Amino acid sequence: MQLNLLLRETLDRLLGEHGLKPAADLEPQLERTRDSKHGDFTSNIALRVANKLSRPPREFAAEIVAAFPESRLIEKIQVAGPGFINFTLAAGAFEQELRTILAKGDAYGCSELGSRQRVLLEYVSANPTGPLHVGHGRLAAYGASLANLLRATGHEVHEEYYVNDAGRQMDILAASVWFRYAELLGEDLPFPANAYQGEYVREIAQALHETHGNSLAADANTIISILANSEVGPEELIDLVIGQLRTQLGSDGFEAILLAALTGVLDDIKNDLEGFGVKPQNWYFEHSLVDGAIDRALKALTKRDMLYTRDGATWFKSSEFGDDKDRVVVRENGASTYFASDIAYHLEKRERGFDLLLDVLGADHHGYVARVRAGLEAMGEPAECLEVRLVQFVALYRGREKIQMSTRSGEYVTLRQLREDVGNDAARFFYVSRSADQHLDFDLELAKAQSNDNPVYYIQYAHARVASMLRRMKEEGMSVENSDAVDLTRLAEEAERTLMVALSRYPEIVQLAAVNRAPQHLVHYLRDTAAAFHACYNFHRVLVDDLTLRNARVTLALATQQIVRNGLSLLGVAAPNSM
């Protein structure tokens, strides 16, 4: 409700007077008091902020109370204990909030907390070497939900997918496709153990053959002799094969295979994400960095004396910025490193005018954060312009058997297979049901269950239940009154008051989820709100003969439906009218 927004505005104003900027760790949070004698809500914000100001908490709490704007929603504000601020709401505050929910509709819960900050949100960015698997699905669901939450709180969000199309893994994919292509030409070749083995590789090879015929054939005997070399390991063998294919096919021939492989995989990824409700506005290709961004980044580092040469390579002094060691940016052979591409890409993001670079990455990128931030700082960018959220892995179970996944071996469950099994709604919901920094065990059976044990079903059912009620009202000729004309003081039952309080917290939860990059707060809130609604609906009949009471309860049900619809929309989950 507006109380949280008023507290936020008051705190920001006071912090500004003391020379401090608003920060995520200073976000005020309201909690219901355990005892109504202490008011309706309490906040510990003065206790959390006072030490930053070198002030006694009670003193700063009193300053907040004195600066708090008048509001017809608030009857009394008091300082309690060591510095808590207790709020007693005016009679009718919750009733008025129901009217506000219905008046604002889909916009209820939105705010300008982000002050139109320009955010470049990069997420998924899976290597285009195979279909998206269930782990990528969690990145997609989390990133898309985060984008929705940030937009709802006043940020200007640009969603981007970084396409790693210029590295060694793409060469391995191209070689994998060539081996399957050679099979179509009748060649009997051993398939490298560390090549990509999924069925999609055969499909790309088939399309390649249909387009190019036999023009990309190579000397199979030479390839066989390379693979027969037992003195080198599998990784070196595949590199030797790649080199031989480049020699025999020429740069144009090998690039044709690369392009076919990239196009085939990337088109599949785009279709998969779109089917999942994830639509990045931009697909940024790594190879485009070669056109100057890396050179600009290296020049910026050279200008600030951040590079040095050792053993023929060029090193960046990243240890001066908190990294555990210095990093190579140009190898002794003159080729730039992945790290050089990373810092160049992030510099280019800043050059596009974004205030915050928000990266959503897999947990295996834990070493990435310090060195990229070091690179940005060394090029004169503020450290706080980069924020990285690491998303932990997904464990998928069939019964008690954990499914092992490997893109190279082709043994994995794709995101598309998961969506077809449990549906988009369950997948989007379950993926963000736990904190992103915690491992997620995805229960397929629960996700498919049509019962109250399934949280997404339970929440969607609340929306559908109200829709069913409205259909019955129409069939029986009952009208829905405008909430302004409804006597909401008739909502006096404890279950009704509990539901009203829950509904009023929605704007606060949206802000909490956005500020902390934690959509699971919204998941838990929707589950609790649905529970409060079902309890109220089960014990207190809505369509009673008492017209005044009926109108009040219908209004409460409509407000609940609106909140559920708004919240599910932020999570990318549908709000069905029937189930």
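For the sequence shown, position 428 matches number 1074 in the working numbering, and the numbering has no gaps at all. No residue lacks a Cβ here, since even glycine has one placed at the ideal position from N, Cα and C. Nothing here was measured: the structure is a model prediction, and the numbers come from that model.
Would you mind stating whether residue i and residue j have Cβ atoms separated by less than 9 Å?
i       : j       : result
Arg764  : Gly999  : yes
Glu802  : Gly738  : no
Pro774  : Leu912  : yes
Ile989  : Ala906  : no
Val1040 : Asp1087 : yes
Asp918  : Leu778  : yes
Asn650  : Glu1154 : yes
Gly1021 : Phe985  : yes
Ser791  : Leu1134 : no
Gly776  : Tyr827  : no
Val878  : Ala787  : no
Leu1064 : Gly783  : yes
Gln1166 : Arg1044 : no
Ser987  : Glu1030 : no
With a cut-off of 8 Å on the beta carbons, I'd call residue i and residue j a contact; round off their distance for me.
i       : j       : result
Ala1108 : Ala1024 : In fact, because the Cβ distance is near 52 Å, the residues do not count as touching under 8 Å.
Ala692  : Arg718  : The pair is not a contact, with the Cβ atoms about 24 Å apart (cut-off 8 Å).
Val1078 : Lys1094 : Rounded, the Cβ-Cβ distance is 18 Å, inconsistent with contact.
Ile872  : Val887  : 6 Å
Leu767  : Ala793  : 5 Å
His1186 : Ala1113 : The Cβ separation is near 19 Å, so there is no contact.
Ala864  : Leu904  : Contact doesn't hold; Cβ gap of about 15 Å is too wide.
Ala713  : Leu660  : 6 Å
Leu676  : Leu653  : 7 Å
Leu748  : Leu1204 : 6 Å
Leu1007 : Phe922  : Not quite, the Cβ-Cβ distance comes to about 18 Å (not below 8 Å), so this is no contact.
Arg704  : Pro728  : 6 Å
Asn928  : His804  : 7 Å
Ile723  : Ile731  : 7 Å
Spell out the partners DSSP gives residue i in its beta bridges.
i       : result
Lys722  : Thr734
Ser689  : Leu676, Ile731
Asn1246 : No statement about residue 1246 is possible, as the shown extent of the chain runs from 647 to 1225 and does not include it.
Leu1004 : Leu767, Glu1033
Arg701  : Paired residue(s): none; Arg701 is not in a bridge.
Leu953  : Phe962
Leu1042 : Phe1088
Arg973  : Phe962
Ser1097 : Ser1097 pairs with nothing; no bridge assigned.
Ser982  : Val976
Thr1060 : His779
Lys1048 : Tyr1043
Rounded to the nearest angstrom, what separates residue i and residue j at their Cα positions?
i       : j       : result
Lys1048 : Ala1072 : 20 Å
Thr909  : His1085 : 32 Å
Gly734  : Thr688  : The question names Gly, but residue 734 in the sequence shown is Thr. So the two alpha carbons sit approximately 9 Å from each other.
Val1219 : Arg1074 : 7 Å
Leu975  : Leu947  : Note that residue 975 is Val in the sequence shown here, rather than Leu. If I take the Cα positions, the gap works out to 11 Å.
Gln742  : Ala1082 : 36 Å
Ser1215 : Gly685  : 33 Å
Leu993  : Val1034 : 15 Å
Gly1046 : Leu1090 : What sits at residue 1046 in the sequence shown is Arg, not Gly. So the two alpha carbons sit approximately 11 Å from each other.
Met1119 : Gly1213 : 25 Å
Glu920  : Ala853  : 23 Å
Leu744  : Thr1201 : 8 Å
Leu1116 : His1180 : 16 Å
Asn1223 : Ala1110 : 4 Å
Ala866  : Arg942  : 43 Å
Gly862  : Leu785  : Residue identity check: residue 862 is Leu in the sequence provided, not Gly. For Leu862 and Leu785, the distance between alpha carbons rounds to 37 Å.
Ala812  : Val1059 : 26 Å
Thr679  : Glu709  : 21 Å
Ala1221 : Gly755  : 17 Å
Gly800  : Val1161 : 11 Å
Leu1189 : Arg1136 : 14 Å
Leu1032 : His855  : 45 Å
Ser1272 : Val1156 : Since the first residue shown for the chain is 647 and the last is 1225, residue 1272 is missing from the structure and cannot be characterised.
Leu1158 : Thr857  : 53 Å
Glu1139 : Glu655  : 34 Å
Asp1010 : Gly781  : 12 Å
Leu1003 : Asp681  : 43 Å
Asp970  : Gln1096 : 50 Å
Asn1100 : Val1169 : 12 Å
Val1263 : Trp961  : One cannot answer for residue 1263 here, as it falls past the ends of the chain, which runs 647 to 1225.
With a threshold of 9 Å between beta carbons, is residue i in contact with chain B?
i       : result
Leu1092 : The structure shown contains no chain B; it holds only a single protein chain.
Would the region 829-841 and the region 1186-1205 be scored as touching if the rule is three or more Cβ pairs under 8 Å?
no
Touching or not, the region 804-811 and the region 821-836, by the rule of three or more beta carbon pairs under 8 Å?
no
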